[in-house]
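Asks:
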Amino acid sequence: LKPLIKGLKGGSSNIRIESAVGIANACAEGRAYQEFIVSLGGVKHLVKMLSAESLTERLPALSALASVAKGIPANQEAIVNAGSLELLMQRLEADTAGERSQAAFMLARLAEGSAEHQVAIASAGAIERLEQMLRSEAAGDHGNAAFALGRLAEGNVKNQMDIADSGAIEPLCKMLSSALEVERIDAAFALARIAESLEGSQETVGACQGMEPLARAMHSESPGERSSAAFAVARLVQRNRVNQDAFAAAGGIEPLMLEMSAELKAARRNAVFALAYLAEGNRHNQHAIADCGALKTLVQFLREGATDERGDAALALGHLLKRNEKNKEMVINLGGMEALMRELRFQNLTPLSPVKGAQELAMLFPPPPEEAEEELEDDTAIADIADVADSLVSGVTGGERRSSNAGDAGERRRSNVGQ
Numbered sequence: 201l202k203p204l205i206k207g208l209k210g211g212s213s214n215i216r217i218e219s220a221v222g223i224a225n226a227c228a229e230g231r232a233y234q235e236f237i238v239s240l241g242g243v244k245h246l247v248k249m250l251s252a253e254s255l256t257e258r259l260p261a262l263s264a265l266a267s268v269a270k271g272i273p274a275n276q277e278a279i280v281n282a283g284s285l286e287l288l289m290q291r292l293e294a295d296t297a298g299e300r301s302q303a304a305f306m307l308a309r310l311a312e313g314s315a316e317h318q319v320a321i322a323s324a325g326a327i328e329r330l331e332q333m334l335r336s337e338a339a340g341d342h343g344n345a346a347f348a349l350g351r352l353a354e355g356n357v358k359n360q361m362d363i364a365d366s367g368a369i370e371p372l373c374k375m376l377s378s379a380l381e382v383e384r385i386d387a388a389f390a391l392a393r394i395a396e397s398l399e400g401s402q403e404t405v406g407a408c409q410g411m412e413p414l415a416r417a418m419h420s421e422s423p424g425e426r427s428s429a430a431f432a433v434a435r436l437v438q439r440n441r442v443n444q445d446a447f448a449a450a451g452g453i454e455p456l457m458l459e460m461s462a463e464l465k466a467a468r469r470n471a472v473f474a475l476a477y478l479a480e481g482n483r484h485n486q487h488a489i490a491d492c493g494a495l496k497t498l499v500q501f502l503r504e505g506a507t508d509e510r511g512d513a514a515l516a517l518g519h520l521l522k523r524n525e526k527n528k529e530m531v532i533n534l535g536g537m538e539a540l541m542r543e544l545r546f547q548n549l550t551p552l553s554p555v556k557g558a559q560e561l562a563m564l565f566p567p568p569p570e571e572a573e574e575e576l577e578d579d580t581a582i583a584d585i586a587d588v589a590d591s592l593v594s595g596v597t598g599g600e601r602r603s604s605n606a607g608d609a610g611e612r613r614r615s616n617v618g619q
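Per my numbering, the sequence shown starts with residue 201, numbered consecutively.
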């Protein structure tokens, strides 16, 4: 790597380009290479290349910086401290869509997992420029702009509000019907993050007819697209009857049930969350989900799943069984009570387990005959059990749940000069 860093420092334009490409390729070999490039001082030279007059020099520098930053907060910090944000903001207004897209992707990398960087990037005016890219007619502007907005919105309520106020939701909903799979995935990711804390965003997505293309995405042959759609649905239908009904009417429930058998755990979890919130307070959806055979799969998760999957199943069953005697009886016939008792015994051994929802779910089953009459006189406790289970599971596993999005398209795309 030392000759590459030397080439960045004092070589000709062609040598700097070759060195930046070499660094991007070296980073693919692993974390040690990424860290070594920073320790050798390569970041400041790559950032300096962002102000070069030649586009052919700036593009490989953007690609190399994205590779150095990937997944390492300390490297991301080093890139920001080298003065990259101002130059990246300039690149968002570049003449070519390719350079604007690479700059947006780089901002997404810097915003990932860093509240401080999210604030700094938004304060520099990135939200407005990224929203303009969403509305651009230039090919290549849209995908990474959506991905960057999603990263800026992740866990940041102010950014979520500012993005919604910018008018970005409408073009993001249109992107859900893009001819390009990666754009559909990025749009679903961004909408999910914007709706994390804003019920108004859910309503806007519904008004823009955003639930129908998400239901279509559940029929996609792409596992990544299906999982990203399920991730978005879980956020967009919470406590929103209009969106719940629109997604169900568009035929999204059955493919969601099938997605619970996906190979990747993250995809399975996204599907379970989506089904849980589609059933929340919605009797029609409760029955539709049960009729697809989802109860059997959820009980199987309770019996055989990993710790987090058992907690997910408890959450979903809580919403499916709430005030629904038919579904309760089906779960009992499937052996659900036995699985729940096992979880309660597990809880006694590991009190910090994320399967807190299982305790609340147990209360949904009918009490013994001698106590039934007294219990049924006051149903207020049972009425809110699913909400309690929801809050408990969210409180313990929220961080892991946020990271389980299989639709994070940016982690699968290659940020290279050719793009």
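Just so you know, even glycine gets a beta-carbon here, dropped at the ideal spot from N, CA and C.
By the 10 Å Cβ neighbour count, where 16 or more other Cβ atoms means buried, how is residue 360 classified, buried or exposed?
Replies: buried
Asks: Touch check for the stretch 271-285 and the stretch 329-342: three-plus C-beta pairs under 8 Å?
Replies: no
Asks: For residue 296, which residues of its own chain have a beta-carbon under 8 Å away from its beta-carbon, when the five flanking residues on both sides are left out?
Replies: 255
Asks: Enumerated in chain order, which unbroken segments of the alpha helix (DSSP H) with a length of 4 residues or greater are wholly contained in the stretch 261-340?
Replies: Note on the stretch 261-340: whole alpha helix (DSSP H) runs with a minimum of 4 residues are 273-281, 284-291, 297-311, 315-323 and 326-334, in chain order.
Asks: How about residue 539 and residue 503: do their beta carbons lie closer than 8 Å?
Replies: yes
Asks: Considering only residues of the same chain and omitting the five flanking positions on each side of residue 313, which have a CB-CB separation below 7 Å?
Replies: 273
Asks: Output needed for residue 436: all residues of its chain with C-beta closer than 6 Å, excluding positions within five of it in sequence on either side, in chain order.
Replies: 395, 402, 405 and 443
Asks: So, with DSSP's three-state summary, where would you put residue 251?
Replies: Under the three-state reduction of DSSP, residue 251 is assigned to coil, being neither helix nor strand.
Asks: Going by C-alpha distance, which of 478, 487, 358 and 343 is nearest residue 530?
Replies: Nearest to residue 530 by alpha-carbon distance, out of 478, 487, 358 and 343, is 487.
Asks: Name the two residues that bound the continuous alpha helix (DSSP H) containing residue 406.
Replies: 399-407
Asks: Rounded to the nearest angstrom, what separates residue 242 and residue 249 at their Cα positions?
Replies: 11 Å
Asks: I think residue 264 touches residue 304, with their Cβ atoms under 8 Å apart; what is that distance to the nearest whole Å?
Replies: Between residue 304 and residue 264 the Cβ distance is about 16 Å, and since that is not below 8 Å, they are no contact.
Asks: Which of helix, strand or coil does DSSP assign to residue 430?
Replies: helix
Asks: With DSSP collapsed to three states, give me the class of residue 367.
Replies: coil
Asks: For the alpha helix (DSSP H) holding residue 384, just list the boundary residues, first then last.
Replies: Element bounds for residue 384: 381-394.
Asks: So, helix, strand or coil for residue 217, using DSSP?
Replies: helix
Asks: Taking only the alpha-carbon atoms, compute the straight-line gap between residue 467 and residue 277 and give it to the nearest angstrom.
Replies: 31 Å
Asks: Where does residue 556 fall in DSSP's three states?
Replies: Caution is warranted here: a pLDDT of 47 is assigned to residue 556, below 50, making its placement in the model unreliable, and the coordinate value is therefore given only provisionally. Of the three classes helix, strand and coil, the one that applies to residue 556 here is coil, per DSSP.
Asks: Scan the stretch 423-511 and note each continuous alpha helix (DSSP H) run of 4 residues or more that stays entirely inside, going in chain order.
Replies: Counting whole runs of 4 or more residues, the stretch 423-511 contains the alpha helix (DSSP H) stretches 423-436, 441-449, 453-459, 465-479, 483-491 and 494-504.
Asks: Give me the residue from 416, 367, 214 and 497 with the minimum Cα distance to residue 377.
Replies: 416
Asks: If distances are taken between C-alpha atoms only, which option among 336, 469, 412 and 319 comes closest to residue 293?
Replies: 336
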